[in-house]
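Asker: First residue of the sequence shown: 382, per our numbering; consecutive thereafter. Structure provided below as structure tokens; questions to follow.
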Amino acid sequence: MKSKKLLIIGAGGHGRVIADIALNMGKWQSIAFLDDSNTTTFMGLEVIGSTHNISEYINEYEIIVGIGDNGKRKEIHEIIESLGAKIPVIIHPNAVIGSQVEIGMGTVIMAGVTINCCSVIGKGCIINTGSTVDHDNHIEDFVHISPGVHLAGSVNIERGSWLGIGSIVSNNISITTDCKLGAGSVVVKDITEPGKYVGVPVRRIKL
Ligand SMILES: CC(C)(COP(=O)(O)OP(=O)(O)OC[C@H]1O[C@@H](n2cnc3c(N)ncnc32)[C@H](O)[C@@H]1OP(=O)(O)O)[C@@H](O)C(=O)NCCC(=O)NCCS
């Protein structure tokens with residue numbers, strides 16, 4: 382039975398993809414946005430307020446943060462969590478999720494993703510289109526796995542890191558907090574210092 386309402390904070394690219402997935406899931410009787418632009422509808426869905434008055438909606442809606450930037454998503458996610466919001470997990474019907482996979486609240490799993498058994502995904506993560514997360518991975522909170530990324534078995538990605546489109550991480554590798562990996566990066570050794578990394582194999586380019 383559809384009995385709930387979904388509110389998406391942010392109607393930019395990521396927020397609108399969440400809306401599209403939520404429509405496909407067919408779980409909510411209505412879907413709306415909070416957004417700070419002057420636009421009143423996106424994709425035919427109403428913008429009912431701005432991000433400055435989130436607390437008004439806590440009791441009436443399930444709420445998810447639809448902001449791509451890891452830091453901003455974390456900041457707003459932590460506010461709504463502390464206000465007691467009910468924060469859903471959004472999983473595209475065409476994602477494949479193995480057994481004993483745990484997924485934290487506010488995480489979005491997009492179309493064509495495969496997550497193999499026994500992997501643990503934290504809260505507020507983005508597992509983007511067509512990426513694969515193999516067995517026994519541990520992806521911490523507020524990580525973004527971009528489209529087409531492939532993570533082999535037993536990979537650890539620590540809090541807040543961002544893996545650019547098409548990057549590849551070999552098995553048993555750990556990537557520390559707040560790393561940014563460029564498009565097409567290949568990681569074959571642990572990354573232990575936060576920073577920006579690019580190339581095959583990756584090298585650090587900036588702090
Ligand atoms: C890594 C990245 C974030 C760096 O951006 P930036 O800080 O603006 O860095 P710059 O563009 O100034 O590049 C710095 C150097 O790294 C190189 N570089 C940048 N990205 C690279 C990449 N993906 N692979 C190899 N080299 C790269 C640049 O050529 C440049 O080299 P140079 O100093 O010899 O000229 C960006 O290039 C990137 O790859 N973004 C991925 C975008 C993405 O995946 N989007 C998906 C969102 S869902």
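For each residue, glycine too, the CB sits at the ideal point set by N, CA and C.
(1) Taking THR432 as the reference, which of ALA400, ILE471, LEU388 and PRO575 has the closest Cα?
(2) Should LYS385 be flagged as near chain B, meaning a C-beta pair shorter than 8 angstroms?
(3) Applying the criterion that 16 or more other CB atoms from any shown protein chain within 10 Å of the CB defines a buried residue, is ARG584 buried or exposed?
(4) Using a Cβ-Cβ cutoff of less than 6 angstroms, which residues in the same chain neighbour ASN497 once the five nearest sequence positions on both sides are dropped?
(5) Given that a residue counts as buried once 16 or more other Cβ atoms are within 10 Å of its Cβ, and exposed if not, what is ILE572?
(6) With C-beta atoms as the reference, is LEU426 less than 8 angstroms away from ILE412?
(7) Which partner residues does VAL489 have in the DSSP bridge list?
(8) Is VAL579 a contact residue of ligand 1, with contact defined as CB to any heavy atom under 7 angstroms?
(9) For LEU464, name the three-state secondary structure that DSSP assigns.
(10) Does the region 432-441 come within contact of the region 489-504, defined as at least 3 CB pairs closer than 8 angstroms?
(11) Counting only runs of 3+ residues fully inside the region 402-442, write out the beta strand (DSSP E) ranges in chain order.
(12) Unbroken alpha helix (DSSP H) runs of length 4 or more, entirely within the region 560-586: which are they?
Answerer: A quick look at the data gives this:
(1) LEU388
(2) Annotation note: the requested chain B is absent from the structure, which comprises a single protein chain.
(3) exposed
(4) GLY479, ASP515 and HIS516
(5) buried
(6) yes
(7) ILE471 and ILE507
(8) yes
(9) coil
(10) no
(11) 409-415 and 426-430
(12) none
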